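If you're matching them up, the sequences are chains A and B in order.
Residue numbering for the first sequence follows my numbering, starting at 1 and increasing by one per position.
Residue numbering for the second sequence follows my numbering, starting at 157 and increasing by one per position.
Quick reminder that beta carbons are idealized off the backbone N, C-alpha and C, glycines included.
Fair warning: this is a prediction, and the values are worked out from it, not measured in the lab.
There are 2 protein chains.
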Amino acid sequence: MAAQNLYEELARQLTAVGTVKRGLARNLPPDCPAGPTAVLHLLRRHGELRMSRLAELLAIDMSVTSRHVAHAAERGWIARAPDPLDKRSRLLRLTPSGERLLAEISRRYVDTLAAALQDWSDEEVGQLNSLLIRLRADFGDCRSRGPLPATRTAPA
Amino acid sequence: MAAQNLYEELARQLTAVGTVKRGLARNLPPDCPAGPTAVLHLLRRHGELRMSRLAELLAIDMSVTSRHVAHAAERGWIARAPDPLDKRSRLLRLTPSGERLLAEISRRYVDTLAAALQDWSDEEVGQLNSLLIRLRADFGDCRSRGPLPATRTAPA
DNA sequence: TATTGTTATACTCTATAACTATA
DNA sequence: TATAGTTATAGAGTATAACAATA
Chain A
1 MAAQNLYEEL ARQLTAVGTV KRGLARNLPP DCPAGPTAVL HLLRRHGELR
51 MSRLAELLAI DMSVTSRHVA HAAERGWIAR APDPLDKRSR LLRLTPSGER
101 LLAEISRRYV DTLAAALQDW SDEEVGQLNS LLIRLRADFG DCRSRGPLPA
151 TRTAPA
Chain B
157 MAAQNLYEEL ARQLTAVGTV KRGLARNLPP DCPAGPTAVL HLLRRHGELR
207 MSRLAELLAI DMSVTSRHVA HAAERGWIAR APDPLDKRSR LLRLTPSGER
257 LLAEISRRYV DTLAAALQDW SDEEVGQLNS LLIRLRADFG DCRSRGPLPA
307 TRTAPA
């Protein structure tokens, strides 16, 4: 349990990360904004997925996920095959065209970050990754457990 | 200079931070969205500011800053005094009402983060803060120096 | 009746461009 | 002429609610 000013600073820094995200997004192909890009990224990492699982991994509402997927599918980057186990669902996967696009996007991401973070060691980048992963995990747990479970700070 | 997969992971994690930001924003007063909140936060930290300097600190366009400031000023959280040195500018500062609102918002931020990050030590939160600050600084430097300055990776 | 996914609507954040007032 | 700031417009991301098809 950290000091109050550390939390305030963290809240500020988290909102300020948007600057970096916008900087990265500026390098994306004009046809493929950040939302659909994240979809491609997760399909490469996890293989075939259903909408509901993809939305869960993105941590955004399925309605939003549906639009990102539609955007990518209209351009041939994603294929939607019928799910033999449930006719309501479709199984999403990257097409070769989608794989090529994602490779190009990854290359641009890496170039941009490599240029910006010249002075960072592997260990430092890995440390930031680990902390961000843990942040998301703990924050997600907190939300799924409900607001303010009052575990230690006795409310009265 | 870190390995490629570390950069790809960082890009993914940065886009995914939005989940946490949205979680924090859900606890804001309905009248005060995240944009104006950041304005209040920076005015408390830096004291009296001009629009241009505030936009610089927020790292967003002045037109956007202007709208956030107008939102806060309309509700009495910010006062805009004429700048004696330049009649085009106004000096922005928190009002007592704005200070009270920000104190309440900070309290909610801290409560939420304290609940989510129960297992984090002071040092770990501080480490994440430091890395995020450094990330923004290096990324901003990179952008202000122009794209791909080619300092070490000789292009040909 | 419950669940998967889509679509319609609305809100927030941001950038670009046009504009006003002052330097 | 250049700069500080405002406003209009447009684009991206998200959430909620209503809906269709299937379990």
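* Of all Cβ atoms in chain A, is any one closer than 8 Å to the Cβ of B/G179? -> Position 23 of the second sequence, counted from the start, is the residue given in the question as residue 179 of chain B. At least one chain A Cβ lies under 8 Å of B/G179.
Exercise for review: Check A/A3 in the structure and name its three-state DSSP category.
Suggested key: Sequence index remark: in the first sequence, residue 3 of chain A carries index 3 (1-based). If DSSP states are grouped into helix, strand and coil, A/A3 belongs with coil.
What is the residue span of the alpha helix (DSSP H) that A/A55 lies within? Along the first sequence, read from residue 1 onward, the residue named residue 55 of chain A stands at position 55. First-last of the alpha helix (DSSP H) with A/A55: 51-58.
Q.
Run through chain A and tell me which residues come within less than 7 Å of B/R292, C-beta to C-beta.
A. On the second sequence, residue 292 of chain B is found 136 positions in, with the first residue counted as 1. Under the 7 Å cutoff, chain A gives A16, T19, V20.
For A/G18, count the other beta carbons within 10 Å of its own beta carbon; 16 or more makes it buried, fewer makes it exposed. Which is it? Here residue 18 of chain A is taken as the residue at index 18 of the first sequence, counted from 1. Buried, since its Cβ has 16 or more Cβ neighbours within 10 Å.
Q) When the Cα atoms are used, what is the spatial distance from B/R168 to A/A70? A) If you number the second sequence from 1, residue 168 of chain B lands on position 12. If you number the first sequence from 1, residue 70 of chain A lands on position 70. Each residue's Cα considered, the two are about 21 Å apart.
(Q) Out of A/G23, A/C32, A/S121, A/D119, which one is the CA nearest neighbour of A/H157? (A) Here chain A comprises residues numbered 1 to 156, so residue 157 of chain A is not present and cannot be evaluated.
Assuming contact is defined by CB atoms lying nearer than 8 Å, are B/A211 and B/T221 in contact in what I supplied?
As a working mapping, residue 211 of chain B is identified with position 55 in the second sequence. As a working mapping, residue 221 of chain B is identified with position 65 in the second sequence. Judged by beta-carbon spacing, B/T221 lies within the 8 Å limit of B/A211, meaning their Cβ atoms are closer than that value.
*asked:* Suppose you measure from the CA of A/S89 to the CA of A/G98; what does that come to, to the nearest Å?
replied: Translated into positions along the first sequence, residue 89 of chain A becomes position 89. Translated into positions along the first sequence, residue 98 of chain A becomes position 98. Pairing A/S89 with A/G98, the inter-Cα distance amounts to about 21 Å.
Spatial distance of A/T15 from A/A3 (CA atoms) | One-based indexing of the first sequence puts residue 15 of chain A at position 15. One-based indexing of the first sequence puts residue 3 of chain A at position 3. Straight-line Cα distance between these residues: approximately 19 Å.
Given a cut-off of 8 Å, decide if B/L162 and A/H126 are closer than it, judged by their beta-carbon atoms.
The residue labelled residue 126 of chain A in the question sits at position 126 within the first sequence. The residue labelled residue 162 of chain B in the question sits at position 6 within the second sequence. According to the sequence as given, residue 126 of chain A is Gly; it is not His. In this structure, B/L162 lies closer than 8 Å to A/G126 by Cβ.
| query | Hey, how far is the Cα of A/L42 from the Cα of B/R231? | reply | Reading the first sequence from its first residue, position 42 is the one you call residue 42 of chain A. Reading the second sequence from its first residue, position 75 is the one you call residue 231 of chain B. Between A/L42 and B/R231, the C-alpha separation is close to 42 Å.
I'd like the span of the alpha helix (DSSP H) that includes A/P96, first residue to last.
By 1-based counting over the first sequence, the position of residue 96 of chain A is 96. Per DSSP, the continuous alpha helix (DSSP H) segment holding A/P96 begins and ends at 96-116.
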